[in-house]
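The structure appears below as structure tokens.
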Amino acid sequence: MKTNGNDKLMEKIVSLCKRRGFVFPGSEIYGGLAGTYDWGHFGVALKNNLKQSWWKKFVDARQDIYGIDAAIIMNPKVWEASGHVAGFLDPTPDGKQFNVMFKTQVGAGEEAVVSYLRPETAQGMFVNFKNTVDAFHPKLPFGMAQIGKAFRNEIAPRDFLFRQREFEQMEIEYFIRSEDWEKYFEYWKGEMLSWMEDIGLDMGKVHELEVPDAERAHYSKRTIDFEFDFPFGRKELFGLAYRTDFDLNTHKLEYIDEEKGEKIAPHVIEPSMGVDRAILSLLISVYAEDEKSGEVRSYLKFKPNIAPVIACVSPLLKNKPELVEYANTKIFAPLKSEFGRVMWDDNGNIGKRYRRQDEIGTPFCIVIDFDTLSDDTVTVRDRDTADQERIKVADIKKYISGKIQ
Ligand code: GAP
């Protein structure tokens, strides 16, 4: 095994994820299942925050994008029409072409039909194009957005969350008039970059790659990959494709363009983003080490709106009922009901608690000490600088809210 700094970084991240309850190997007690991972408490919280930030930006903050949550198992005709049955192939090491869709059986006995677990969320949007148009009567341009699981029987799953057999996608199908495709391609490139910056990716590690003709998917006339400098190399993070009218045509779907007074198949710009690759690139971006009191500490510099825990509340000593009572009723309970992602930690000494919270990436640790009882102030420690300041208990909610914006 190579032992350069980059390999060590992956080892450190994988180990931290397991130790601190972010990500566990799938089916571990039975020897695991390659290409699958299970998400622990903090991993779920991190993933939810990330997905929420995507949904907020691309659905809630706009008026032209409609959400959808389609079934994972679809009529197999979908995958015949989309070209996946014939063409979603990868070569095996002995040179054979292998379809990476997972097959499953729907129904029993003679009635049973072979179907597939979806390999992309995109088709769930195309097949609901007519339903969406009929329900909401959108004018062009408009989009559909979906977050959900996708499955690929990858021949060689590898590199932790990077290439899995079960993963999540966040995709948008943005429907436009054909003559506008270049304009909207550029527009979505900017939007994708802006979201990457929002969540706190190290933008110095993000690069654009124009995917050459021979390597593009069968439906695409232009694709760019956003690549990221992972410790194991520069690899695809997300993709942006111009899918033309391929999908709507193949599903025989059309749209009445009232402006032009004609039936058309709108063209599609597709920003496609993997949740798991977003999390992995984020972990790589925020992982940091420094020295505090002669000890090396590792910490995750999550932005407060993405951190799985926004604040940790601790009584200085857990065997002093007056501190515990104050911490619980005046700080923890109100913050917990306001922000949800607030943690109580009275385990070990205060130094140990800080190390634990640093590794989880908690931006603020609030400590209730004996001064608190007389002056109603608490210590708030900043994760990145380890600096501490005294804040009035009455101002704590406002202080934290201000950091989440
Ligand atoms: N609908 C278009 C589409 O599915 P793709 O490039 O095959 O395009 C889109 O996949 C994104 O899904 C990728 O950019 C990546 O973020 C993520 N992704 C694809 N395969 C993956 C895998 N095996 N494990 C984790 N993420 C994956």
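Quick note on UniProt numbering: the sequence shown kicks off at 1 and runs consecutively.
Cβ atoms here follow ideal geometry from the backbone N, Cα and C, with glycine treated the same way.
Quick caveat, the model's predicted, so the values are computed rather than measured.
Between the beta-carbon of Y299 and that of R383 there is about 6 Å, and that keeps the pair under the 8 Å contact cut. Following the DSSP letters along the chain, one finds F238 inside the beta strand (DSSP E) bounded by residues 233-244. Within 7 Å of the C-beta of F88 there is not a single heavy atom belonging to the ligand GAP. Using a Cβ distance threshold of 8 Å, L323 and I368 count as a contacting pair. Counting only runs of at least 4 residues, the stretch 27-95 fully encloses the following alpha helix (DSSP H) elements, listed from N- to C-terminal order: 41-55, 76-81, 84-87. Look at A122 here: in three-state DSSP terms it is helix.
By the neighbour-count definition (other C-beta atoms within 10 Å, threshold 16), S293 is an exposed residue.
Per the DSSP secondary-structure output, D375 pairs with nothing in a beta bridge. For the set P138, T36, V113, L9, the Cα lying nearest the Cα of D64 is the one of P138.
Cβ atoms of I147 and M170 come within 8 Å of each other, at about 5 Å.
The residue from L283, T244, Y255 with its alpha-carbon nearest to that of F136 is Y255.
The stretch 282-348 contains, as complete alpha helix (DSSP H) runs of 4+ residues, the segments 321-326, 333-339 (chain order). At a cut-off of 7 Å, the beta-carbon of S374 does not count as near the ligand GAP: no heavy atom of the ligand is closer than that.
Between F238 and S272, the gap from beta carbon to beta carbon is short of 8 Å.
Residue side-chain check: G274 places its Cβ nearer than 7 Å to a non-hydrogen atom of the ligand GAP. Unbroken beta strand (DSSP E) stretches of 3 residues or longer found wholly inside the stretch 150-206: 166-176, given in chain order. Here K18 carries a helix assignment [DSSP, helix/strand/coil]. Segment contact: the stretch 65-84 against the stretch 111-130, three or more CB-CB distances shorter than 8 Å; contact assigned.
Taking the Cα positions, T92 is about 34 Å away from W188. With fewer than 16 other CB atoms across the displayed protein chains lying within 10 angstroms of its CB, K252 is exposed. In summary, R277 is buried, with 16 or more beta-carbon neighbours lying within 10 Å of its beta-carbon over all protein chains present.
In this structure, D257 and L140 form a Cβ contact; the two beta carbons are roughly 7 Å apart against a cut-off of 8 Å.
Closest in C-alpha terms to V275, from the list K149, G26, A288, comes K149. At a Cβ-Cβ threshold of 8 Å, K103 and V114 count as neighbours.
Scanning its chain for C-beta atoms nearer than 7 Å, with the 5 sequence neighbours on each side dropped, one finds around V211 the residues T223, I224, D225, in chain order. Contact between G143 and F185 does not hold, since the beta-carbon distance rounds to 14 Å and is not under 8 Å.
In this structure, the straight-line span from the alpha carbon of E259 to that of I172 is close to 24 Å. A direct Cα-to-Cα measurement between S281 and F228 gives close to 7 Å. Cβ-Cβ distances below 6 Å link W344 to V313, F332 in the same chain, with the five nearest sequence neighbours on each side left out; the list follows chain order. When only Cα atoms are considered, H41 and G261 end up about 53 Å apart. With fewer than 16 other beta carbons inside 10 angstroms of its own, F370 counts as exposed. Classified as exposed, G95 has fewer than 16 neighbouring CB atoms from the shown chains inside 10 Å of its CB.
In the three-state scheme derived from DSSP, where H, G and I count as helix and E and B as strand, Q146 is classed as strand. By DSSP's assignment, G274 forms a beta bridge with Q169.
Within the chosen limit of 7 Å, the ligand GAP reaches the beta carbon of F167 through at least one heavy atom.
Q97 sits in a strand when the DSSP states are folded into three classes.
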